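To keep things clear, I will list the structure first and then write my remarks on it.
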Amino acid sequence: CEGPAGTDGAQGPAGATGGTGATGATGASGATGATGASGATGATGVTGATGTAAVDTGSISGVVRDGAGTLLQGVTIATVPATTTTQTAADGTFTLTVPIGFYTVTATHASYTTASLAGVGVAAGATTSANLALSIATGTLVSISGKVTNTAGTALQGATVKVAGTSLQAATAADGTYAIAGVPAPGPYFVEVDPPSGSAYLAADTRAAVWASYTTNAVADIMLSARPTDAAVFVGRSACTGCHNSSGIPAAHAGSAHWRSLQQDTTRHRYPSKWPAVGQTVNTGITTTRDPATCSQQGTPLPIYACQITQGAYSFQFGGTTCGDGVGTVVPISGTYGGEGDGGIDNQNNVGRYKQRYFAKLADVAAANGWTYATTADKNRDYLILPVQVTESGDGAPTFGGYKNTDPDVWCSQARTFSRACSGCHNTGLAITYTQDAAANITAFNYIDFNVSCERCHGPGSEHATSGGKANKIINPAYLTAAAERQVCGQCHAADAGKSPNVVTGQTTKYSYPYNPAHASHVGNGWYVPGVYDISDFISNLTSGGFDAWPDGKHGKAHRQQYSELVASIHSNNPYERLTCSSCHDVHSLKQGPATFRTAFGADEWTFTTPQLKNNAVCLGCHAGYGPFAALTRDDVGAMHAGSPAATTVEKNGATKTYTQAEIDAANAAVAATVVDHMNDVANMGYALSYDPENEPGVGRCATCHMPNTGKSGGWTTGKDEFGGSALLEGDEASHRFDLITPQTSRAMVAGAAGKDTNVMPNSCGKCHARYRYSAD
70 CEGPAGTDGA QGPAGATGGT GATGATGASG ATGATGASGA TGATGVTGAT GTAAVDTGSI
130 SGVVRDGAGT LLQGVTIATV PATTTTQTAA DGTFTLTVPI GFYTVTATHA SYTTASLAGV
190 GVAAGATTSA NLALSIATGT LVSISGKVTN TAGTALQGAT VKVAGTSLQA ATAADGTYAI
250 AGVPAPGPYF VEVDPPSGSA YLAADTRAAV WASYTTNAVA DIMLSARPTD AAVFVGRSAC
310 TGCHNSSGIP AAHAGSAHWR SLQQDTTRHR YPSKWPAVGQ TVNTGITTTR DPATCSQQGT
370 PLPIYACQIT QGAYSFQFGG TTCGDGVGTV VPISGTYGGE GDGGIDNQNN VGRYKQRYFA
430 KLADVAAANG WTYATTADKN RDYLILPVQV TESGDGAPTF GGYKNTDPDV WCSQARTFSR
490 ACSGCHNTGL AITYTQDAAA NITAFNYIDF NVSCERCHGP GSEHATSGGK ANKIINPAYL
550 TAAAERQVCG QCHAADAGKS PNVVTGQTTK YSYPYNPAHA SHVGNGWYVP GVYDISDFIS
610 NLTSGGFDAW PDGKHGKAHR QQYSELVASI HSNNPYERLT CSSCHDVHSL KQGPATFRTA
670 FGADEWTFTT PQLKNNAVCL GCHAGYGPFA ALTRDDVGAM HAGSPAATTV EKNGATKTYT
730 QAEIDAANAA VAATVVDHMN DVANMGYALS YDPENEPGVG RCATCHMPNT GKSGGWTTGK
790 DEFGGSALLE GDEASHRFDL ITPQTSRAMV AGAAGKDTNV MPNSCGKCHA RYRYSAD
C-alpha cells in the first residue's frame with residue numbers, strides 16, 4: 070500500500086538583484102523661438118550737482134626745542150622734497166601746508182646743527198605732528214646789557230654786574246648802563262649785581278633767567294634796594310602806617326597771624342569752652358614734675374587743672390585735687406599765643422591753625438621772685454610759657470596737650486623764659502641785656518612791637534621815617550637777591566632747633582633764635598637784618614642739627630623749617646627761575662597764594678590777582694606749556710582762575726582779560742584732563758579719578774602729592790592701614806621740597822620705628838590710600 074503524501078519543503082532564499090538596465094537615447098532639441106521687438110528709448114535724466122574738487126593738501130605742525138627743552142624761535146622749517154618754508158614762532162611752534170605725500174622735515178639755524186625727521190606722511194585735509202630738537206652749534210657769542218637803578222629809578226654808577234656761572238662781568242656807567250659781551254648763546258642766564266663800593270644799597274639779581282638769544286642780545290634792568298646805616302634804630306609799626314595806610318598793606322598785616330599771634334591778655338582766648346564754668350574744675354590730663362611755686366623737681370607728677378575761679382579769669386592749677394582748693398599752685402594766664410589760622414577768632418584766613426599756648430607774667434610765678442632783672446618793668450615784660458596748650462590739629466582736636474611739660478631743659482626755669490626761648494622770632498626791635506657768665510640770664514628785656522611787624526623784614530626804619538622816599542634808607546625785600554629774600558622768612562622758618570652763636574665770650578650758652586652779639590654795634594644791634602647779613606651767622610647750627618629731619622634727611626619732621634626745605638628744592642635750584650616765599654604766599658597777609666602773580670610765556674605776560682593754591686592756579690601759572698602740562702596754555706589757567714570764586718582779575722599784556730562761560734568751562738575741562746593724565750602717567754592712578762582739587766583730600770591738587778604734610782607743629786593725624794592697624798596719616802605742616810615721597814620711603818622706616826607710628830614718615834599717597842599707610846606695630 071502507498072503511504073500518505075509528503076508535505077512541501079521550506080521556501081529557498083531570494084535570488085540576487087539583477088543589474089541596472091542601459092540608459093535610453095536623448096530625444097531631439099526643439100526649434101529656437103523668434104526674437105522680440107526692441108523697447109522704446111527712456112527720457113534723459115536730470116543733471117547732477119557739480120562735484121567738489123578733490124583735497125590734495127594737508128599740514129605738518131610741530132614744536133622745535135633745544136637739547137634742554139627750551140622753545141626756539143626763528144628756526145627755518147623746510148621739506149624734502151621741497152614745498153614751502155616757514156620759521157618757528159616765539160613759542161617754538163610752526164605749521165606748513167603741503168601737498169599730500171611723504172616728506173623729510175628739516176629744521177635749520179646758523180647757531181644750531183641741522184635736525185631732520187624722515188617719513189612724515191601727510192594725508193588729505195589732515196595735520197601731522199613733527200617735533201624736532203636742535204643741538205647748539207659752538208662759537209655763537211652775544212651780549213647782555215641793561216641798566217641798574219635804585220627803586221626810585223635813579224641810575225647807579227659803579228655797580229658790578231655779573232653773569233652767574235661765568236667770569237663775565239662789567240661795571241655800570243654814570244647813567245647806570247652796562248654791557249657784558251662774549252656770552253655764549255643761546256641759553257638762560259641769571260644776572261647778579263653787587264652795589265657800588267661803600268654805597269647805601271644791597272645786592273640784587275634777576276629772579277627769572279634772561280635769555281641770551283642767537284639773534285638778539287639779552288636785556289636785564291635791575292633795581293637795588295636801599296640799606297639803612299649802622300646808626301638806624303627800630304621805631305615800630307606805628308611809624309610806618311602813617312604813610313603807608315593808603316596802600317592797604319597795614320590793614321592786611323593787621324589781620325595776619327604775624328601781627329596777632331601773641332596777645333598780652335585773654336581777649337583772643339580761642340577755646341573758653343574747654344575751660345570749666347566758674348568754680349568748676351577740668352583735669353587737662355597733663356602732668357609735670359615742676360611746681361611753679363619753686364620750680365623744683367617733684368617726686369610725684371603734679372596734675373594740671375584748667376580753672377576759671379572768677380568770670381573770665383583763666384588759670385592753671387598745679388597739684389591739689391580741684392581748682393581753688395588751697396593745696397595746688399595757681400598761675401593766672403596773662404596772654405595767649407597762636408590760634409589764629411584758618412578762621413581764628415574773627416574768621417581771618419591765615420596760615421597757622423596748629424595750637425594755642427598760654428603764658429604767665431613772671432610776677433605771677435612765685436619761683437621767679439628770685440630772678441634778677443634791672444627793673445620791675447623789664448621783669449613784667451617777660452613771661453614763662455605754661456606747659457599746657459590746646460592742640461588744634463591732629464587726633465581729637467581741639468584737645469589739651471602738653472608743651473615741654475616733661476622736657477629735660479624744663480619749662481619752669483630762668484633758662485626757659487620767653488625772652489630767651491621765643492622773643493627773638495616773635496618780637497620786633499628787641500633790646501636785651503644778660504649776665505656775662507655761663508648762665509647768660511636775661512636781666513633787661515624790651516621791644517618796640519610785641520609781634521612781628523614791618524621792621525623784621527624791612528630793617529630798622531628810623532632813617533627812612535625822617536628822610537622819606539621809597540629809595541631812602543629802607544630795605545625792600547623784593548629787590549634783594551632771591552637767596553636774601555628767602556632768608557627774610559628763613560630767619561625764623563629755617564630751624565626747629567635753631568641756636569644762636571655763643572652769647573658770652575668763652576661760654577657755650579646759646580639762645581633759641583637768630584642773634585649774634587658780634588653785630589651789636591652794627592645795623593640791627595645784634596639781630597638779623599635781611600640783605601645785610603647771612604642767616605648762617607645768626608643760626609649757628611643751621612646745617613648741623615637745626616634741621617629736624619626724618620631718617621631720609623630731606624623732609625622736615627618738626628615745625629618752622631620751610632626755608633631749609635625750599636633752598637634744597639628744585640624751585641630754588643634750576644636754570645630758569647629762582648623762587649622765593651613770596652612767589653607763593655602773600656607776605657603781608659599770610660594768605661596762601663600771592664596777592665599778585667605774574668607769569669610770562671613767549672612774548673605774552675599774564676597777571677593774576679589772588680591766585681589760589683587749592684585750585685592749582687599758582688602751580689600751573691608757571692608749569693603750563695611745559696613738560697606734562699605742555700598741552701595747557703596760560704589762557705587756560707587764566708580762564709580757570711577767572712571762573713573761580715576767589716578770583717578778581719586777569720590781565721594779559723597789561724589789559725584786563727575777560728572770558729566767556731564757555732571758555733571757562735573748556736579751560737576747566739582741559740586742566741582736569743591734563744592733571745589726571747599726569748597723575749596716571751607718573752603714578753598709574755587710573756583715569757577713573759574725580760578731579761576735585763579744592764575739596765579735601767584734594768584729588769588732583771598739586772600740593773596733595775608734592776607737598777604732603779610731613780611736619781608737626783600741633784598734632785599728628787592717624788588713620789587705619791589696610792589691615793586695620795593704626796598708622797600715621799599726616800602732620801599739619803606741608804613739606805617744601807616739592808618732590809614725591811614714595812610709599813617705599815615710608816615703608817623703609819618701619820624697621821627702625823621702635824613700635825611708634827610717629828616714627829614712620831607720611832608719604833604722598835597715604836592720605837588717600839590705606840594700603841600706603843604703614844603701622845609701626
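Each number in the numbering used here corresponds to the 1-based position in the sequence shown with 69 added. Backbone N, C-alpha and C fix where the C-beta goes; we use that ideal spot for every residue, glycine too. All values derive from a computational prediction rather than experimental measurement.
How long is the line joining the alpha carbons of residue i and residue j, rounded to whole angstroms?
i	j	result
SER315	CYS309	11 Å
ARG840	VAL396	52 Å
LEU201	LEU186	7 Å
ASN828	GLN630	18 Å
PRO663	GLY690	12 Å
VAL457	GLN386	11 Å
ASP826	ASP846	7 Å
TYR452	VAL740	51 Å
SER294	ALA589	23 Å
MET754	MET748	6 Å
ASN594	PRO586	8 Å
LYS343	ASN449	28 Å
TYR602	ALA269	14 Å
ALA281	GLY498	44 Å
CYS494	ALA618	21 Å
VAL656	ASP750	35 Å
PRO255	ARG485	57 Å
GLY251	ALA287	12 Å
THR275	GLN238	15 Å
PRO257	GLY222	26 Å
HIS313	ALA540	14 Å
PRO766	PRO831	14 Å
Who are the Cβ neighbours of residue i in its own chain at under 7 Å, not counting the five residues just before and after it?
i	result
ARG770	LYS683, ASN685 and PRO762
GLY93	Because GLY93 carries a pLDDT of 49, less than 50, the predicted location of this residue cannot be relied on, and the following value inherits that uncertainty. Excluding residues within five positions, none has a Cβ falling inside 7 Å.
THR218	ALA224, LEU225, GLY245 and MET292
ALA627	ASP565, ASP617, GLY780 and LYS781
With DSSP as the reference, identify every bridge partner of residue i, one or two as the case may be.
i	result
VAL132	THR162
ASP263	THR229
PHE171	GLY190
HIS654	GLN661 and GLY662
ALA295	TYR270
ARG667	THR676
ARG359	GLN366
GLU646	ALA277
By the three-class DSSP mapping on this structure, what secondary structure does residue i have?
i	result
TRP328	helix
ARG426	strand
THR773	helix
ASP761	strand
PHE514	strand
LYS721	strand
ASN352	strand
SER804	coil
LYS789	strand
GLN483	helix
Please determine whether the Cβ atom of residue i lies at a distance below 6 Å from any heavy atom of the ligand FAD.
i	result
TYR843	This structure does not include the ligand FAD; it has no bound ligands of any sort.
Near residue i, what residues of its chain come up, given a Cβ to Cβ distance below 6 Å and the 5 sequence neighbours on each side ignored?
i	result
SER833	CYS774, PRO777, LEU809 and ILE810
ALA184	ALA176, LEU201 and LEU203
VAL211	VAL252, ALA254, ALA281 and ASN286
ALA321	HIS657 and SER658
ALA437	LEU431
GLU646	ALA277
ASN737	MET709
PRO297	GLY528, PRO529, GLU532, LYS542 and VAL592
With 7 Å set as the bound, which would you pick, yes or no: does the beta-carbon of residue i sit closer than that to a beta-carbon of chain B?
i	result
HIS178	Absent from the structure is chain B; it holds one protein chain and no more.
Which residues in the same chain as residue i place their Cβ atom closer than 8 Å to its Cβ, once the five residues preceding and following it in sequence are excluded?
i	result
ALA346	GLN377
Taking three-plus beta-carbon pairs below 8 Å as touching, is the region 556-576 in contact with the region 610-618? yes
Tell me whether the region 125-139 and the region 163-178 touch, counting them as touching only if at least three CB pairs, one residue from each stretch, are closer than 8 Å. yes
With contact counted as at least three CB pairs below 8 Å, one residue from each stretch, are the region 511-520 and the region 536-555 in contact? no
Three Cβ pairs or more, each shorter than 8 Å: is that satisfied between the region 341-358 and the region 370-378? yes
Spell out a yes or no on whether the region 779-791 and the region 718-725 are touching, meaning 3 or more CB-CB pairs, one atom from each, closer than 8 Å. no
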